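Chains R, V, H and Y, in that order, are what the protein sequence lines are. Going by this note's numbering, the letters in the first sequence line up with residues 225 to 726, in that order. Going by this note's numbering, the letters in the second sequence line up with residues 225 to 726, in that order. Going by this note's numbering, the letters in the third sequence line up with residues 225 to 726, in that order. Going by this note's numbering, the letters in the fourth sequence line up with residues 225 to 726, in that order. All C-beta atoms, glycine included, are put in the ideal place defined by N, C-alpha and C. Small disclaimer: the values here were computed from a predicted structure and weren't measured. See structure below.
Number of protein chains: 4
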Amino acid sequence: MSKEINVPASGRPFKNNVTYCVGTGRMGLALQKEYIDHLKLVQQSIRFQYIRGHGLFCDDVGIYRECEMDGKTYPFYNFTYLDRIMDTYLENGIKPFLELGFMPEKLKTGDKTVFYWKGNVTPPVSYEKWAELITVTLNHLIERYGREEVVTWPVEVWNEPNILFWAGTMEEYFMLYDYSAAAVKKVDPRMQVGGPAICGVETEKWLKSFFEHCIKKDSPLDFITRHCYTANETTNCGHYIYHTMNDPTYMIEELKETRQIMSDYPRIANIQLHITEFNSSYVPLCPVHDTDFNAAYIARILSEAGEYADSYSYWTFSDVFEEADVPKSVFHGGFGLISMNSIKKPTFYAFEFFSKAGRELLYRDDHLIVTKNDDRYVIIGWNWHDMRDNKQSPDESYVLSLPAIGEQAILVKKEVGGAHANPMQTWSNLGKPRSLSGEQLAILQASAEPLQTDAKLFEQEGNYKVELKIPCNHLCMLEIFPVCDKTDTYLGYKQEEFYGME
Amino acid sequence: MSKEINVPASGRPFKNNVTYCVGTGRMGLALQKEYIDHLKLVQQSIRFQYIRGHGLFCDDVGIYRECEMDGKTYPFYNFTYLDRIMDTYLENGIKPFLELGFMPEKLKTGDKTVFYWKGNVTPPVSYEKWAELITVTLNHLIERYGREEVVTWPVEVWNEPNILFWAGTMEEYFMLYDYSAAAVKKVDPRMQVGGPAICGVETEKWLKSFFEHCIKKDSPLDFITRHCYTANETTNCGHYIYHTMNDPTYMIEELKETRQIMSDYPRIANIQLHITEFNSSYVPLCPVHDTDFNAAYIARILSEAGEYADSYSYWTFSDVFEEADVPKSVFHGGFGLISMNSIKKPTFYAFEFFSKAGRELLYRDDHLIVTKNDDRYVIIGWNWHDMRDNKQSPDESYVLSLPAIGEQAILVKKEVGGAHANPMQTWSNLGKPRSLSGEQLAILQASAEPLQTDAKLFEQEGNYKVELKIPCNHLCMLEIFPVCDKTDTYLGYKQEEFYGME
Amino acid sequence: MSKEINVPASGRPFKNNVTYCVGTGRMGLALQKEYIDHLKLVQQSIRFQYIRGHGLFCDDVGIYRECEMDGKTYPFYNFTYLDRIMDTYLENGIKPFLELGFMPEKLKTGDKTVFYWKGNVTPPVSYEKWAELITVTLNHLIERYGREEVVTWPVEVWNEPNILFWAGTMEEYFMLYDYSAAAVKKVDPRMQVGGPAICGVETEKWLKSFFEHCIKKDSPLDFITRHCYTANETTNCGHYIYHTMNDPTYMIEELKETRQIMSDYPRIANIQLHITEFNSSYVPLCPVHDTDFNAAYIARILSEAGEYADSYSYWTFSDVFEEADVPKSVFHGGFGLISMNSIKKPTFYAFEFFSKAGRELLYRDDHLIVTKNDDRYVIIGWNWHDMRDNKQSPDESYVLSLPAIGEQAILVKKEVGGAHANPMQTWSNLGKPRSLSGEQLAILQASAEPLQTDAKLFEQEGNYKVELKIPCNHLCMLEIFPVCDKTDTYLGYKQEEFYGME
Amino acid sequence: MSKEINVPASGRPFKNNVTYCVGTGRMGLALQKEYIDHLKLVQQSIRFQYIRGHGLFCDDVGIYRECEMDGKTYPFYNFTYLDRIMDTYLENGIKPFLELGFMPEKLKTGDKTVFYWKGNVTPPVSYEKWAELITVTLNHLIERYGREEVVTWPVEVWNEPNILFWAGTMEEYFMLYDYSAAAVKKVDPRMQVGGPAICGVETEKWLKSFFEHCIKKDSPLDFITRHCYTANETTNCGHYIYHTMNDPTYMIEELKETRQIMSDYPRIANIQLHITEFNSSYVPLCPVHDTDFNAAYIARILSEAGEYADSYSYWTFSDVFEEADVPKSVFHGGFGLISMNSIKKPTFYAFEFFSKAGRELLYRDDHLIVTKNDDRYVIIGWNWHDMRDNKQSPDESYVLSLPAIGEQAILVKKEVGGAHANPMQTWSNLGKPRSLSGEQLAILQASAEPLQTDAKLFEQEGNYKVELKIPCNHLCMLEIFPVCDKTDTYLGYKQEEFYGME
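Next up, the structure:
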């Protein structure tokens with residue numbers, strides 16, 4: 225049975241921060257051609273403002289070096305690759321949300337590393353040298369890109385120090401934070417700095433301790449960062465890691481909880497909260513990322529997260545990513561919105577659709593959002609189901625009555641899921657090739673496009689009436705905008721001579 | 225009720241000349257950027273070998289000139305534009321099928337013209353100067369493009385001399401032919417020359433007279449050319465010209481009749497027959513060209529025409545065309561496979577699909593053709609109905625049994641018609657805009673893509689079983705090729721962890 | 225002997241309107257690919273703001289049409305091509321400076337035409353229909369491109385009505401002006417309209433009469449337009465038209481004279497003066513346009529014209545131009561800054577160099593201009609000589625003392641003339657081919673580049689010392705800007721290990 | 225004083241293998257966008273056939289992996305990156321000359337590595353697994369690229385096993401060779417395999433032992449490979465490594481010596497000899513690579529090396545290279561023909577010029593080569609001097625008398641050195657910036673172009689007379705080909721109206 229909804233003529237602002245930031249594999253990957261191809265695709269359709277990833281100070285970007293000459297050791301800062309990476313970002317209309325980390329070889333105090341690409345996670349041999357690295361790097365960026373530009377780049381201190389990404393103690397992280405934040409502010413007091421970049425382990429303890437530390441030490445703190453993943457524990461199985469998902473509102477609850485903790489500290493209560501990583505699964509080997517389920521599931525999160533967070537950076541925009549080794553196939557469970565070979569995954573469209581949402585929120589429930597921009601409706605619907613029962617869930621059905629914005633309007637609908645914009649299914653039908661031939665690629669890219677249809681709407685008693693069915697694991701967007709019918713200007717136009725055209 | 229068909233394992237050669245040649249608006253238009261954009265699109269997907277149009281010797285290409293100096297008149301041949309046009313063709317992998325005409329200003333004997341662009345159709349003031357123009361032009365082309373290349377370019381003498389395109393008599397045309405053919409052969413005896421390029425008026429009289437003339441005069445004649453349009457008479461109405469269509473087999477019958485006439489003359493019987501123009505309607509202001517009906521209708525012709533004709537050149541590849549004035553809107557009833565703004569019309573896909581047909585013909589009826597290339601089936605279906613009864617015709621339904629070419633295969637289906645690859649309908653829903661905004665263009669280009677779906681086929685008792693329904697005014701292509709299932713190489717792969725993927 | 229010049233540290237504003245506007249062949253040519261290629265080249269290097277040419281209302285653009293239906297005649301305005309042309313301009317960062325003309329076939333009162341492409345120059349059959357054509361066209365442009373954009377497009381009424389471009393009387397032109405200006409202002413009073421677009425024949429009479437007419441009738445008049453060509457009478461000779469040139473100051477004198485006439489009318493005295501066409505020769509078949517002489521000669525004009533005129537629109541940016549028939553060869557004496565096949569002529573660089581001139585004028589004489597922008601000197605020098613004496617003129621030699629803008633600076637010099645950026649000479653060495661092979665094109669494009677050299681300048685007593693020699697028919701630009709010497713940051717750098725590098 | 229040379233009308237074949245192969249940084253770098261940009265540049269101008277570099281089996285390409293599941297270990301071969309790299313090569317018209325190495329992490333027997341990027345150089349833990357890796361990889365390549373293609377890719381076993389690139393003994397290398405060669409031949413006996421890929425240390429011992437081993441064991445050996453560098457010992461100094469050069473004939477002598485050793489073994493004497501690496505300096509931190517000296521110096525080698533070697537692969541085509549860490553500046557002494565930011569170094573042109581040399585050798589001395597192709601002369605001259613004396617060496621001066629190939633010819637000269645095509649000098653004048661602004665890049669790219677001039681030659685007594693001066697550290701190419709003078713076809717052409725054009 226359909227839900228009947230009378231959409232009101234006006235609403236309240238839609239807090240939509242979907243395009244604020246997106247995640248990326250380590251920054252050194254931005255030298256790769258395929259990475260850049262994917263970035264272009266994402267920016268053409270979605271236009272994120274910021275990009276955040278690890279590895280700014282890792283040795284593949286290669287900034288911190290030391291050189292011996294005549295018996296003396298000189299520090300040397302090599303910005304060849306950093307400049308190329310930043311050029312690439314800015315040329316593609318995206319700015320860095322800088323994450324300070326990990327530890328350069330020459331500054332490390334131990335050999336603990338994370339990932340296939342071996343990011344060193346030990347505290348610095350000298351906090352002064354670490355601070356100097358930050359200052360020199362930011363000043364170099366200012367010299368190259370201009371002060372007014374660089375002060376708009378937020379700076380986050382380290383990544384997930386509450387788990388294995390930091391080989392020191394919590395107190396050592398706070399020391400790292402203090403040195404880092406001071407170094408940032410020394411470059412320009414307008415630069416925004418924040419932390420603690422934790423994932424969801426001992427959240428309350430870390431947040432409270434961090435807040436209290438900053439307040440006590442009067443350390444600069446312009447925004448709070450944390451990560452949210454909604455998956456349950458993992459099961460390793462050969463080349464895959466599997467796990468089940470919590471409900472998408474799990475993430476909304478985490479955001480509320482974070483805001484709650486923040487609200488206890490007047491200095492903290494109203495500053496920005498950036499979710500610098502989020503996704504369903506937190507491993508790049510889990511098939512969920514490649515599914516149409518994920519698109520519908522993430523859409524539910526996108527419909528509400530902006531109420532609590534100033535950004536929520538999907539981890540990550542591309543499958544050009546090496547944390548768990550070189551990708552082994554076109555579809556391999558990677559985080560990306562785009563798979564190897566530039567194929568858009570279903571979740572890509574969750575971001576594209578929300579990037580087009582209107583500024584005004586007229587209606588929202590668990591499966592539907594109705595927004596408006598000037599004289600255009602943008603409606604997004606989704607219906608996720610994890611299929612653990614091996615059964616399609618029922619359609620979500622709606623009959624919408626929308627205040628008319630003109631005598632005639634066109635409704636353009638884009639659908640994702642099932643037989644469309646679901647390239648992993650087509651890839652499976654192709655036999656699951658690891659690399660693609662030209663023909664396979666053409667089939668997959670066509671299969672990755674949403675199903676677009678359109679229809680004419682006519683005002684009836686001041687409204688448009690729209691029926692909508694959202695099948696299991698589908699995501700859709702409806703754009704409705706007025707059209708000016710020019711048929712009268714076609715001299716001699718006779719409907720019946722158009723072979724069935726309406 | 226479905227037609228059940230047991231497709232045999234082998235058949236006979238499919239006589240498919242669909243990519244041999246395509247028509248174009250007058251050659252001077254090849255200087256335009258939009259023309260070139262359309263040519264690129266057509267060549268990417270269809271790769272025609274030859275292109276034929278009017279206007280080689282018209283004054284906008286500007287070859288024949290005279291210059292006065294010191295009281296004397298010198299002929300001057302200006303190849304600036306011709307070279308640019310030919311460069312464009314060759315860069316896009318297409319060769320000219322040269323049509324000699326119309327008459328340059330300086331060689332005309334009267335003022336009769338055709339078209340908005342005023343092609344002069346009068347006999348030459350001097351047949352010797354006309355012949356000289358041909359010789360000089362071909363020799364110039366040989367100098368620029370090489371003799372071995374240019375001798376592969378067929379030459380047709382004039383256009384439709386049996387109607388208003390020729391202000392002289394039939395005998396005068398024969399004289400023009402003799403001078404022209406001799407001029408061509410003088411350049412290189414290997415160059416192929418033909419005529420009489422007539423349309424379907426007094427066909428028998430013209431063909432017989434022409435054949436007898438050439439035989440009697442021993443005039444060179446390497447191939448026969450004529451035109452075929454299947455429309456009934458026209459009704460003018462404002463900016464449109466309407467008419468109804470004959471059955472597509474009307475054209476097949478015309479081809480048979482032409483072959484019959486040819487067969488009476490031993491010297492003629494077995495030479496090539498080129499249909500240097502064909503289409504449903506013969507006016508560039510008739511909506512039929514823009515419809516899904518036309519795609520299905522032309523497909524019927526393409527399925528059989530190769531049995532009788534060595535080529536059938538669709539008139540024309542692009543709506544960049546000015547015979548009836550500058551196009552007035554995106555869709556205006558133009559001949560093109562591609563409309564203004566680079567939007568592919570339904571009929572574009574009739575040519576694309578047949579360009580992919582296999583070399584072996586396994587089955588053919590009035591709505592379906594089954595072909596094969598090595599280990600790949602290419603099946604094309606169509607179902608045309610002119611909608612004069614305002615009712616959808618019934619689906620054409622098939623159950624095909626195809627000899628298996630591997631344990632597993634993928635079936636990729638592309639559908640044209642109705643809600644897909646039918647951009648004129650979407651354009652109508654948009655209010656029929658004459659020029660397009662960027663957003664309108666994006667919607668239309670997406671709407672112009674065929675609906676692609678895919679499925680896995682499994683061998684059952686040596687066969688694949690395929691059910692196919694072709695709705696009213698739809699055209700479809702099914703490609704079936706074996707796949708190698710690599711699922712076993714995915715260590716730890718568990719079907720149930722893929723959220724419903726099969 | 226060298227001229228020694230102590231350049232002062234500051235000067236006065238350089239009135240430089242070089243990039244305000246450029247001329248074009250008739251607007252219908254903007255559909256051509258090669259035209260667009262040339263426009264891109266010009267805009268990449270020079271970035272003109274406006275483009276002005278004939279033919280807005282000519283029948284190849286095809287705006288004004290009439291259609292008969294059911295015994296009635298309907299006017300029809302076809303904007304298909306106009307929109308494509310304007311899209312092209314705006315996509316390339318250039319706006320139209322609209323010229324209203326010539327007369328559409330359906331509105332003409334006679335058969336007088338100009339040019340190979342037959343622009344009809346007769347008065348309208350109805351001044352009301354003419355005004356309606358203007359209003360409908362401008363309103364269409366506003367609908368498509370936005371009101372705020374279109375009101376920045378100036379509108380000039382007709383072209384050179386004082387000679388054969390207008391088949392009516394002067395008074396009839398004034399009537400045309402009044403109707404046109406009123407139609408423009410009816411669309412939006414902010415739109416700027418002007419005239420009388422005369423060439424240098426009976427200048428004083430036309431200007432005075434026109435001013436007095438507008439004042440008397442209170443006709444809108446936002447700016448004055450006229451044309452300036454500096455050539456003497458023509459000699460026709462086969463495919464060429466030859467003539468000699470006046471001194472470049474001839475044009476400066478014409479500008480002063482025009483300002484003088486304007487100054488007699490208080491309402492007119494201080495409005496804008498746009499030279500909507502200028503060049504040396506006024507025929508597109510005169511070799512002077514292709515020479516290095518012309519670059520140096522035009523540079524002299526560009527160095528001073530801004531003192532008197534708000535714009536001076538070089539006629540024209542490209543040899544894609546058909547007033548005197550289709551171009552007959554790569555170099556044929558056309559007006560363009562760029563020849564067929566996208567080869568930059570020497571004069572191209574006169575515009576490029578002046579487009580880079582500084583906002584501050586420090587020094588100017590007959591062969592040199594020294595300008596400054598912030599911390600950068602831009603110096604342009606030229607030395608023209610018409611070679612009628614078959615002898616090279618002596619070099620112009622300078623020793624400049626420039627106030628230093630840093631301890632070290634780089635001087636980058638670009639030279640045009642003689643063996644460099646003089647492709648007509650190379651083309652002559654190639655045997656004067658009419659169309660080019662790929663290799664010939666590559667040689668010519670390389671030969672069309674200026675000779676670039678660079679040198680280090682060091683401050684000496686607060687100045688840089690620069691010696692400059694400008695040979696006969698050379699043009700050069702020197703850019704001087706400070707450099708930060710980073711040599712010290714190269715650890716272990718030893719000058720003597722660099723094989724002669726300084 | 226000039227050398228007078230009467231060039232004969234015919235000569236002998238010029239053994240020119242300059243385009244056979246070029247070196248590259250490790251294969252994993254081929255994923256980078258800048259690497260691909262440089263490859264495109266090189267292929268546009270030079271079109272090498274093969275490319276050879278290290279790192280096929282290194283862990284950044286990531287082929288060899290092992291995976292645990294259910295207590296068992298499975299080998300896994302990941303070809304994701306390899307396929308992308310090979311696609312890139314083939315798309316750019318270049319094939320791999322495969323080098324088998326270095327050792328994957330999972331197959332290593334120790335921790336010895338080379339380079340900043342840590343290539344492991346220890347023998348395999350199992351020679352069978354190593355052979356399996358080869359076989360699986362080559363079979364995969366055949367599956368993807370086709371057998372007929374892949375059998376044209378030569379295979380070299382390891383790199384410089386005679387120094388620190390091999391942690392085993394000579395005998396262990398021979399064992400590696402035997403296993404490898406057998407694995408290659410097992411894939412397809414037509415595949416060509418060779419070694420020992422040594423550098424110039426204990427050459428004679430290694431070659432003889434290797435030849436004797438292969439003969440004795442009847443191991444497949446299709447070609448011999450070695451490396452040649454002409455530098456003396458190194459001096460480390462901060463970020464640079466300096467050394468002086470031997471005369472370029474040093475390399476020619478090494479080639480002769482190698483051929484001499486080969487000639488002692490009948491089975492070996494006449495097989496191919498590939499110099500799979502050569503250059504002046506063998507370190508990527510030596511300024512010589514960036515100089516005009518190097519262009520002239522390498523040209524001397526290129527003029528003769530083909531007499532003795534079937535290929536000589538310049539090490540390397542691009543400064544995208546990381547053996548000695550990430551490049552620290554635009555010019556940093558890297559091996560590449562192209563520096564960071566796509567700036568062509570002088571030596572680029574040595575390869576471009578020799579790639580255009582004619583098939584017929586008419587004259588050769590220490591500074592000049594005269595070749596001919598059909599009706600075109602290609603003359604290359606060079607004059608190297610190491611500037612250790614701080615003085616320019618004298619010009620090499622020639623007066624050439626060349627048998628005429630037509631009444632008129634054009635001479636097109638391209639010069640490299642000094643003020644032209646010497647971008648490191650301009651970069652030094654710019655203050656030696658490490659990263660470039662857009663303006664700096666434009667200046668440098670223009671400064672990197674050769675100086676092109678042209679002149680007309682006229683036959684005099686059957687010859688053309690050409691004077692040529694080659695200044696110190698210059699390289700030049702002269703192309704002479706006949707032109708057809710079309711001046712007569714220009715009606716009304718008057719030389720004196722062309723403002724000094726000849």
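Asked: Where Y:GLY716 meets chain V, residues with beta-carbon distance less than 8 Å; Found: MET293
Asked: Minimum Cβ-Cβ distance from R:ILE260 to chain Y less than 7 Å; Found: yes
Asked: Y:CYS461 and H:GLY716 closer than 7 Å at C-beta; Found: yes
Asked: Three-way DSSP call (helix, strand, coil) for R:LEU626 in this model; Found: strand
Asked: Minimum Cβ-Cβ distance from R:CYS700 to chain V less than 7 Å; Found: no
Asked: Cβ shell of H:ASN456 (< 8 Å), same chain only, five flanking positions each side left out; Found: HIS467, THR468, MET469, ASN470
Asked: Simplified DSSP assignment, three categories, for V:TYR305; Found: helix
Asked: Inter-residue spacing [alpha-carbon to alpha-carbon] between V:ALA633 and V:HIS591; Found: 24 Å
Asked: Cβ pair V:LYS552, H:ASN363 closer than 7 Å; Found: no
Asked: Cα-Cα separation between Y:GLU395 and R:ILE260, rounded to whole angstroms; Found: 46 Å
Asked: At least 3 beta-carbon pairs within less than 8 Å: the region 330–349 of chain V vs the region 487–499 of chain H; Found: no
Asked: 7 Å Cβ shell around H:ASN518 - same chain, five flanking residues per side excluded; Found: SER504, VAL512, PRO570, THR571
Asked: Residue-level contact to chain Y via CB, H:LEU681, 7 Å cutoff; Found: no
Asked: Rounded distance between the beta-carbons of R:PRO706 and R:ASP543, thought under 8 Å; Found: Actually they are not in contact, since the Cβ atoms of R:ASP543 and R:PRO706 sit about 40 Å apart, beyond 8 Å.
Asked: Coil, strand or helix - V:ARG368 by DSSP; Found: helix
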